[in-house]
Each structure stands twice: as C-alpha cells, then as structure tokens.
Ligand SMILES: Nc1nc2c(c(=O)[nH]1)N[C@H]1C(S)=C(S)[C@@H](COP(=O)(O)OP(=O)(O)OC[C@H]3O[C@@H](n4cnc5c(=O)[nH]c(N)nc54)[C@H](O)[C@@H]3O)O[C@H]1N2
Ligand SMILES: Nc1nc2c(c(=O)[nH]1)N[C@H]1C(S)=C(S)[C@@H](COP(=O)(O)OP(=O)(O)OC[C@H]3O[C@@H](n4cnc5c(=O)[nH]c(N)nc54)[C@H](O)[C@@H]3O)O[C@H]1N2
Ligand SMILES: [Mo]
C-alpha cells in the first residue's frame with residue numbers, strides 16, 4: 005500500500021489529542037497533536053489493538069447459556085459461539101422484557117461503572133443509562149471508585165466534593181505565593197496524563213515546574229520516590245502506607261502546641277474545634293498525638309514531622325491528599341484531616357493555600373476551573389431510584405436482600421437477575437476478583453458491550469462487539485478547557501457496531517426506538533450536540549472551522565464565581581457552606597449521630613485492617629500499593645504495543661525494595677509470585693531503592709488471566725489480592741490500598757499469557 009494514500013485526521017481520547025494516520029479503513033499510527041507540548045505516549049499504543057487477535061468482531065454467546073438459557077453454566081469457564089446480530093439482539097431484548105416483567109426493573113443492574121472513552125455523544129455511560137431508563141429503569145451505582153470516601157465525607161462536613169474542587173489552589177497561585185506544598189500520596193506526574201472527557205494539551209506538569217521555579221517547595225509523603233516529577237526536587241518522606249492521618253495529627257499537635265494555630269479562623273469558619281483539640285491532646289483517649297507517637301506508626305522520624313510542622317509557620321501552605329489515600333480503609337479520614345490542618349493554619353480558602361484535593365492526580369486538578377459546559381447526550385429521567393454504593397457490587401450480587409449501611413441510613417440489596425455493562429470493566433476495577441467471580445455467577449444473564457475479548461467479555465453470557473472511539477465521529481470537551489474533534493479514522497472491523505447502533509436496535513425491539521434516537525443518526529446527533537454547545541459558546545468555530553484549526557481549539561472561559569472556601573472565609577454568614585452549621589465541620593454532630601465506630605464524629609486515627617503493624621503481617625509482611633499504570637488508562641489497551649513494552653516476560657512489573665528482594669533471593673527481572681489468602685498472581689520484579697522497604701507496587705490494569713478459574717493469575721492483576729470491603733459504613737468506598745501480601749521467586753514453569761487471545 006503506498007504511503008500517499010494515508011492522511012491525518014484529528015482525534016481525542018481521555019489521554020490527549022492526536023492525529024490519526026489513516027487510509028479511511030485502518031489506522032497506521034497516532035501521533036500527538038502539535039498543539040500539545042507535553043503529550044502522553046498512551047495514545048500511540050492504540051492502533052496496534054484495533055485489528056488484534058483480541059478484537060471482538062462478531063456477537064458471541066456463551067455456549068452453556070445458548071444451550072441452557074438464562075442462569076445456566078459457569079461464567080469464566082466456558083466457550084463462546086458466534087451468532088448473528090439478529091439472534092443476539094433478540095436474546096437481549098427478550099431477556100430485558102422477561103426480567104422487568106417477572107422481577108421489576110430494579111432486578112436489572114445497569115450501574116455500568118467505568119471510564120469508557122471520551123466523546124460527548126458516544127460516551128457509553130450516557131448511552132446505556134438513557135437506554136435502560138427508557139426501558140423502565142435499573143439499579144444504579146452512586147459515587148466512584150476514584151473518590152467515593154471523599155465524596156461522602158466532604159458532602160457531610162465541607163459542602164461537597166464540588167466545593168473542594170472549585171476551591172482547589174492552582175499551580176500558578178502556588179507559584180505566586182511561593183507556597184509549601186505538603187503532598188500526602190504525592191503528585192505522580194504519570195497520573196496527570198489523563199482527564200475524564202479529554203485533554204486538549206498537557207500543561208499540568210509544566211505548571212508544576214513553573215510553580216517550583218517561582219519558589220514553591222514540595223514535600224511528598226508517599227511510599228514511592230517516583231510520586232512527583234523529578235524537577236520539583238521534592239523532599240521525599242517514605243511513609244508507611246495507611247498511616248497518613250497519624251502524621252497529619254502530629255503536624256496539628258506540633259502547630260497547636262506552639263500556639264501557632266489560627267484561633268480566629270477556627271472560631272469564625274469552623275465548628276467543633278474544642279472537641280477535636282481534646283482528642284488531639286489525648287484528653288479523651290489518653291494518647292497525645294505527638295510527633296513521637298506518629299513516628300512509631302508511620303515510620304517517619306519525629307524530628308522530620310516537627311520540622312515539617314514548623315515550616316508552615318508564616319508560610320502559605322497546601323495540605324494535599326491524593327485519591328489513593330481514600331481508596332483504603334477509613335478513607336474518609338485523610339481528606340477530612342487535611343481540611344482540618346488547612347483550617348488550623350488558617351490558609352483554607354486563601355489563594356495558593358489550604359486543602360489540595362488530589363492535586364495533579366488528573367490533568368484538571370491544580371489548573372483553573374472553567375465553568376464552560378458542553379452539551380451532552382441526555383440520559384433521560386430515572387423512573388426508579390434503586391442504587392448501591394458503586395464498590396458494593398459483589399456483596400449485592402451474592403447477598404440479595406442483605407442489609408447495608410450507607411451515609412446514615414440502612415438499605416437492602418436488590419435481587420439482581422440481569423447485569424448490563426457498557427464502557428467499564430469490573431474485572432479491572434473491582435477488588436478481590438476471586439470473590440467477584442463467585443458473586444458474578446448469581447444473576448440469570450450478563451450482557452456486555454466490549455471492544456476486546458478481555459476478562460469482562462470472558463465472564464459474560466452475551467458479548468456484543470462495540471466500535472472504538474477511532475471508529476466513530478464525535479467531539480471531546482472535558483474540564484481541560486479545550487474542544488477537540490474526533491474524526492472517524494477507521495472502519496470497524498467485521499460485524500462491529502457502535503453502542504448507539506446496538507441500543508437503537510434494542511430500543512426498536514422494545515418499542516421505544518423513537519424516544520431513544522429522536523429520529524437522528526449518530527452523526528446527526530454529533531452535529532446536534534456540537535450545535536447546542538456552540539449555542540452556549542458562540543465564539544466556538546463551526547465544525548468545518550474546528551477541523552481547519554487542526555481539530556483542537558481552546559474553550560471559552562466561563563467564570564465560575566468566587567470559590568466556596570474563599571467565599572466562606574470572606575463572610576461565613578453570607579456564603580455558608582452546604583453543611584448544617586454553614587461552616588466547615590471539624591466535629592460533625594450528624595456524622596457522630598450515625599454512631600459508626602469506623603467513622604466517628606471528627607477526624608480520627610483508625611488503624612487499617614491490613615497494614616504493616618497488623619498481626620497478619622507476620623504471614624504477609626509486604627504492603628501492596630496498586631496505583632494507576634503509567635503506560636495505559638486503567639485496563640484500556642493493555643493489549644497494545646505501548647503497554648506491552650513495559651512488561652517483563654509479558655508480566656506486569658512489580659517494584660520491590662532491594663532489601664526485601666535480597667532477603668527473598670529475588671533479582672531484578674525475575675518472575676515472582678505475589679500472594680495472600682485472597683489470591684495469587686505472577687509479576688516481573690523491578691528491584692531498587694525507589695520504594696520504602698516493606699512496600700511493593702504493582703500497578704492496576706494487567707488483564708486478568710487466571711490459569712484455571714480461581715487459580716493463579718498469570719499476568720499480574722493486583723485485584724486478585726486486594727480486599728473487598730467498604731472504607732467505612734459512611735461511604736462504603738473501595739479499599740484497594742489496604743492489602744498485605746507475600747512475594748517469592750517463582751521457579752516453576754511460567755504459564756503462557758492467554759489474556760490477549762480471542763474468546
Ligand atoms: N487495585 C486497584 N483497583 C482500582 C484502582 C486502584 O487504584 N487500585 N483504581 C480504581 C479507579 S480510581 C478507577 S476510576 C477504576 C477504573 O475502572 P474502569 O473505568 O472500569 O477501567 P477501564 O479499563 O477504563 O475500563 C473501561 C472499559 O470500557 C471499554 N470501553 C472503552 N470505550 C468504550 C466504548 O466506547 N464502548 C464500550 N462498549 N466499551 C468501551 C474498555 O475496553 C474497557 O474494558 O479502577 C479502580 N480500581
Ligand atoms: N497514567 C494514568 N494516569 C491516571 C490513571 C490511569 O489509569 N493511568 N487513572 C486516573 C484516575 S481514574 C484516577 S482516580 C487518578 C488516581 O489518582 P491517585 O489515587 O492519586 O493515584 P494512584 O496512582 O492510585 O496513587 C498515587 C500514589 O499514592 C501512593 N500511595 C498509595 N497508598 C498510600 C498511602 O497509604 N499513603 C501515602 N502517603 N501514599 C500512598 C502510591 O505510591 C501511589 O503511587 O489517577 C488518574 N490518572
Ligand atoms: Mo479513578
């Protein structure tokens with residue numbers, strides 16, 4: 005094929021804007037859009053997957069299901085039979101109708117959590133929720149795997165997650181005020197490669213470097229040295245995982261003992277200081293939260309903790325917490341305590357200071373907020389309001405009718421008969437995958453739209469092959485301040501259809517085709533949503549103008565008004581936070597009234613069930629940190645060449661301290677077995693000094709690849725090891741980071757990777 009037949013078209017994903025080199029049918033490469041000075045290489049791995057062996061190209065039905073009907077056979081241990089679209093759609097439409105007629109719509113779980121792909125129209129969450137709402141409704145999920153614990157606690161004590169995001173200090177303010185940034189969980193530069201909904205051009209890390217050059221200073225408390233960009237020259241304090249609240253308390257203790265707390269701010273803008281102060285000084289529990297006390301828990305020198313506290317005197321300070329801290333037992337506590345520290349120093353709501361909500365963890369965090377809101381595909385009203393906290397899925401499936409606590413109330417799990425997923429992967433995101441696989445056997449039917457024969461497809465009954473974002477026209481517009489064209493760059497292979505085509509055909513069969521499509525084709529919808537977006541922002545170019553401009557233009561800047569924390573400090577009576585007192589609640593009578601021992605009325609140090617000082621550490625002496633992968637977005641395109649280039653003999657790398665490796669006779673590059681009572685997986689050892697002794701790091705996202713069901717995962721998916729329980733009864737968030745494991749050299753014959761094979 006001659007090169008001249010290829011042309012470049014603009015496209016956009018959650019990890020940036022690119023130019024796709026296409027002949028109209030296949031994509032040869034993605035290269036960063038020239039607008040981006042600090043592009044992410046993640047997108048470059050996508051073209052290698054579009055026609056890979058793992059691509060789904062025709063509808064498939066699990067053999068046991070096809071032969072025996074709903075509720076028969078074993079998911080995760082069966083073969084698949086190709087069927088026509090006609091057969092597949094008839095099976096799905098009939099099953100929706102059977103389930104809603106016999107059991108009611110709450111028996112359909114359509115939470116379908118996941119990132120899917122960017123695009124205002126083809127966004128799979130919008131597609132599936134609109135479809136299921138028009139079908140009479142579904143059991144939904146609330147909050148997210150990213151931020152569940154923080155969302156619920158901030159809603160109770162600080163006016164909500166949105167208020168924290170709007171009030172976040174920006175890098176430019178941090179530079180201007182030469183602030184001290186104390187980052188619990190760090191500011192891993194690899195994480196700001198992505199943003200939900202898209203990124204026109206990557207500027208977050210560039211802004212961080214500018215703040216540093218202007219005089220800001222960074223301290224990173226984290227088990228891993230690489231949790232900040234090297235050019236920030238951050239001081240690294242390698243903390244024991246799960247102990248951040250102890251260190252925060254000790255910083256508070258040191259500040260208050262020195263009389264340097266901002267009494268005026270505490271009295272004017274917060275409630276509950278007195279009660280908290282009693283706890284801080286040990287008057288309620290006999291334990292003063294001193295630097296020495298925290299040092300024994302967190303493994304950081306007491307002198308270093310006191311120094312850190314003193315460095316805040318007279319200096320604008322940011323107390324930042326990454327999302328990872330609250331994806332752990334008692335994850336409600338770190339953001340609440342960081343806010344309390346920001347109130348103690350009196351910097352809460354001052355430019356360049358206060359609480360740093362997950363700064364740098366997504367591209368938008370630390371950047372100015374823009375009130376610009378592009379149009380979206382309407383999800384339609386919810387006819388029923390059944391829900392679960394998102395991470396309680398395995399409990400819901402395995403214990404229908406079981407009771408659970410959430411945010412002050414008690415609820416019952418619905419009896420789920422049908423699970424329908426599009427645009428997320430529970431066999432990526434959920435904890436304790438062996439438990440999930442068992443719970444997943446319960447429903448009668450599982451329907452999935454997927455691009456690839458990944459673990460989700462391998463645990464479904466009806467698998468519908470869906471087009472990728474490179475195979476559709478659309479536009480992206482996230483919170484990043486850009487609008488980006490997504491021009492169809494490839495023909496979907498085989499019999500692949502878009503989610504929209506699939507839901508349109510099903511809607512027809514179920515009798516609400518016109519309500520779902522409003523008589524528009526996909527391309528007509530894209531044009532309509534772009535038109536509605538321009539109606540809100542007339543300065544945006546026409547579609548033709550957007551393409552002429554290279555496919556990416558800045559979005560208009562829409563002022564958001566004064567940020568809630570800033571408004572609060574200016575005049576608490578005039579600008580109350582959305583809390584019962586209108587103030588930031590260091591002690592919350594509401595939370596206290598719930599009487600949860602795992603989430604008391606003020607920020608509290610509560611040891612995790614699994615951490616390095618737990619009894620079970622005698623058997624599993626290493627703390628497993630399973631953060632976000634550098635080379636991909638979650639599990640997406642793990643089958644592509646960019647992600648696979650980072651593997652060791654095909655396995656996901658695990659980072660071990662040289663001391664821990666030597667005591668186990670593990671050398672760099674060895675294949676190791678990582679295990680605990682929940683599961684086991686293989687991984688490739690990376691040995692060095694960039695991680696605290698006693699801690700190992702295995703990123704998320706290697707496609708789950710059990711050698712036999714419930715057995716060894718050959719590939720390195722940390723979620724076979726992580727525990728599945730709520731952060732507390734308050735938020736019921738995921739607790740992935742509270743996990744202990746053991747690691748040993750694997751000397752048996754290494755099983756092949758089968759995760760990237762066809763179904
Ligand atoms: N141990 C551990 N587990 C974690 C985390 C952790 O830190 N540690 N982090 C958690 C967090 S923060 C998150 S956000 C979750 C992420 O969890 P997910 O968002 O579920 O993960 P993804 O891999 O992005 O899954 C998206 C799936 O949708 C498919 N897909 C993409 N685009 C489309 C589309 O247009 N149509 C259809 N039909 N399918 C599409 C992809 O092939 C992929 O399988 O993971 C959570 N899990
Ligand atoms: N490249 C890439 N970037 C991403 C994503 C991706 O998949 N790929 N996913 C995005 C998503 S959905 C989200 S929600 C964000 C998540 O953002 P985060 O949750 O902030 O990211 P993580 O990588 O899970 O964790 C950051 C670091 O926290 C440290 N850590 C873990 N446990 C502890 C602890 O107990 N104490 C302390 N002090 N540190 C700890 C680990 O060393 C880890 O590297 O990332 C986003 N960015
Ligand atoms: Mo996330």
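Residue numbers (the working numbering): 5 to 763. Ideal Cβ placement from N, Cα and C applies to all residues, glycine included. All values reported here derive from a predicted model rather than from experimental measurement.
- By the Cβ test, the segment 418–434 is in contact with the segment 130–142, since at least three Cβ pairs between them sit closer than 8 Å.
- Beta bridge pairing from DSSP links residue 744 with 627.
- Within a 10 Å sphere around the beta-carbon of residue 475 sit 16 or more other beta-carbons, which makes this residue buried.
- When rounded, the separation of the alpha-carbon atoms in residue 172 and residue 351 is 12 Å.
- Three or more Cβ pairs closer than 8 Å define a contact, and the segment 192–210 meets that threshold against the segment 361–380.
- At a threshold of 8 Å, residue 351 does not count as near ligand 2, since its beta carbon sits no closer than that to any of the ligand's heavy atoms.
- The closest heavy atom of ligand 2 lies less than 8 Å from the beta carbon of residue 629.
- A straight line joining the alpha-carbon of residue 649 with that of residue 190 spans about 26 Å.
- Cα atoms of residue 180 and residue 502: separation of roughly 47 Å, rounded to the nearest angstrom.
- Taking 8 Å as the upper bound for CB-CB distance, residue 479 and residue 131 are not in contact here, some 16 Å apart.
- Judged by beta-carbon spacing, residue 66 lies within the 9 Å limit of residue 79, meaning their Cβ atoms are closer than that value.
- When C-beta atoms of the segment 148–158 are compared with those of the segment 520–533, fewer than three pairs fall below 8 Å, so the two segments do not count as touching.
- Within its own chain, the residues whose Cβ lies closer than 6 Å to the Cβ of residue 64, once the five positions on either side in sequence are excluded, are 84, 86, 467, 763, listed in chain order.
- The beta carbon of residue 111 lies closer than 7 Å to those of 103, 418, 419, 420, 421, 422 in the same chain, with the five residues before and after it left out.
- Check the Cα spacing between residue 13 and each of 477, 43, 524: the tightest is with 477.
- Within the DSSP secondary-structure output, residue 486 pairs in a beta bridge with 558.
- Where residue 33 is concerned, the enclosing beta strand (DSSP E) starts and stops at 31–36.
- The three-state reading of DSSP puts residue 569 in helix, counting H, G and I together.
- Leaving aside the five residues that flank residue 403 on each side, the residues in its chain whose CB is nearer than 8 Å to its CB run, in chain order, 417.
- At least one heavy atom of ligand 2 is found less than 8 Å from the C-beta of residue 225.
- CA-CA distance, residue 655 to residue 729, rounds to 27 Å.
- Nearest C-alpha to residue 668 among 689, 469, 569, 682: 689.
- Take the alpha-carbon of residue 511 and the one of residue 519: they are about 8 Å apart.
- Cα atoms of residue 673 and residue 709: separation of roughly 20 Å, rounded to the nearest angstrom.
- Contact annotation, residue 482 with residue 116: C-beta distance approximately 20 Å; criterion of less than 8 Å not satisfied.
- The C-beta distance from residue 698 to residue 627 rounds to 6 Å, short enough to fall under 8 Å.
- Scanning the segment 624–685 from its first residue to its last, the whole beta strand (DSSP E) runs of 3-plus residues come out as 626–629, 657–661, 675–679.
- For residue 508, the three-state secondary structure derived from DSSP is helix.
- Here the distance from the Cβ of residue 197 to the nearest heavy atom of ligand 2 is below 8 Å.
- The C-alpha of residue 40 lies about 9 Å from the C-alpha of residue 203.
- By the neighbour-count definition (other C-beta atoms within 10 Å, threshold 16), residue 287 is an exposed residue.
- Taking C-beta atoms under 8 Å as the contact rule, residue 586 and residue 596 fail to qualify, at a distance of about 18 Å.
- Distances from the CB of residue 456 to the heavy atoms of ligand 1 include at least one below 8 Å.
- Straight across, the Cα-Cα distance linking residue 214 with residue 741 is about 32 Å.
- Inclusion of residue 325 and residue 361 in the CB contact set at 9 Å is warranted, their separation being smaller than that value.
- Proximity of the segment 121–131 to the segment 302–320 falls short of the contact definition, fewer than three beta-carbon pairs being nearer than 8 Å.
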